[in-house]
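**Student:** Okay, handing you the structure first.
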Amino acid sequence: MAAATLTMARGQAEKEFKVEVESIGHVRHKNLVRLLGYCVDGSYRMLVYEYINNGNLEQWLHGTMSQYGVLTWEARIKIILGIAKALAYLHEGIEPKVIHRDIKSSNILIDKDFTGKLSDFGLSKFLGAGKSHITTRVMGTFGYVAPEYANTGMLNEKSDVYSFGVLLLEAVTGRDPVNYGRPTNEVHLLEWIKLMASSRRTEEVVDPAMETKPTKRQLRRALVVALKCVDPKADKRPTMGNVVRMLEADDAAPSLEDRRSPMGHCGDGDPSGREPSGTSARYSNTAFV
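Here it is in structure tokens:
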């Protein structure tokens, strides 16, 4: 087991916390770390998760796990696709939908089969269908937070989509979203990627630690999907169901210059991976097979 300790805002009632945690406990998906239980003691809350013993994506890309080898392109895409399916399930497969709010590489745990599992629901927010939430206290991690959420507190599923796009760019490049140790024009990963794309130097953005590089088609697909996800306008970002379909599509990948690509108009997919819950959680009519 693994435990996460939270100190909640004074205004959050114990009853509200228990209701939300119990709802999260009903969620089942192979790419989500399973919540086993919780403890409450005054203003302190502890969440108890299943234990995943192969590190997290941040450690494999930037830290201690890199000593065991470098993640291949195939492993990175497998992990990223799994997280995309988990988010599609949270956003589109259950009601009320769940907005994670803290998508980042350290929250992507990796099991022995190099399957990615999204963890840490401590900041998650439940929203009814078609609803947004406005908060004066922005949660999340610098470098991953969507601009409209950071600037106005407006939160919906497109906030997670933005963070996922940054995560995908991090996996492709092996770079942190923000690194003040780099040259000025490379400090912010997203701005550097846009600069390289506009200069037609996208092949140079691939993590140099990878011995076998992705094909041009594979790289182009990943970058197109990521850049769609981080569109400054939230309503222009794809749904996570669309993201899954784009990442899995067999057709030719579009160019980065083609903003009218058919890949941007794929219908919502049916992300696979839902596990039988045996609980009273309410699911939509979306088929998860």
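The sequence shown lines up with residues 63 to 351 when you count with this note's numbering.
Idealized CB from N, CA, C, for every residue including glycine.
1. Quick one: complete alpha helix (DSSP H) runs, 4+ long, within the segment 79-125?
2. In chain order, what residues of the same chain lie with their CB nearer than 6 Å to the CB of residue 80, ignoring the 5 residues before and after it?
3. Could you say if the segment 98-117 and the segment 152-164 meet the contact criterion of at least three C-beta pairs nearer than 8 Å?
4. Could you check whether residue 100 and residue 22 sit closer than 8 Å to each other, using their CB atoms as the reference points?
5. Since residue 268 and residue 234 should fall inside the 8 Å C-beta cutoff, what is the C-beta to C-beta distance between them, to a whole number of angstroms?
6. Candidates 254, 271, 97 and 272: which alpha carbon is nearest residue 285's?
7. Does residue 242 pass the burial test, meaning 16 or more other C-beta atoms within 10 Å, or should it be called exposed?
8. Using the C-alpha atoms, what's the distance from residue 83 back to residue 105?
9. When DSSP labels each residue in this structure, what does residue 205 get in the three-state scheme?
10. Do residue 230 and residue 142 count as a contact pair if the criterion is CB distance below 8 Å?
11. Following the continuous alpha helix (DSSP H) through residue 165, name the residue where it begins and the one where it ends.
12. In whole angstroms, what separates the C-alpha of residue 139 from that of residue 214?
13. Rounded to the nearest angstrom, what separates residue 180 and residue 145 at their Cα positions?
**Tutor:** Taking the definition as stated:
1. Runs of the alpha helix (DSSP H) lying entirely within the segment 79-125 and spanning at least 4 residues, in chain order: 119-124.
2. Cβ within range, chain order: n/a, list empty.
3. As far as the Cβ criterion goes, the segment 98-117 does not touch the segment 152-164, which means the pair count is below three.
4. What the structure shows of the chain is the stretch from 63 to 351, and residue 22 is not part of that stretch, so it cannot be assessed.
5. The Cβ separation is near 6 Å, so the contact holds.
6. Just measuring C-alpha positions, the residue of 254, 271, 97 and 272 sitting nearest residue 285 is 254.
7. Answer is exposed; the Cβ neighbour count stays below 16.
8. Distance between residue 105 and residue 83, taken at the CA atoms: about 15 Å.
9. Here residue 205 carries a coil assignment [DSSP, helix/strand/coil].
10. Yes, they are a contact pair.
11. Looking at the DSSP string, residue 165 is not in any alpha helix (DSSP H), and its letter there is neither H nor E.
12. Each residue's alpha carbon lies about 32 Å from the other.
13. One C-alpha to the other measures close to 6 Å.
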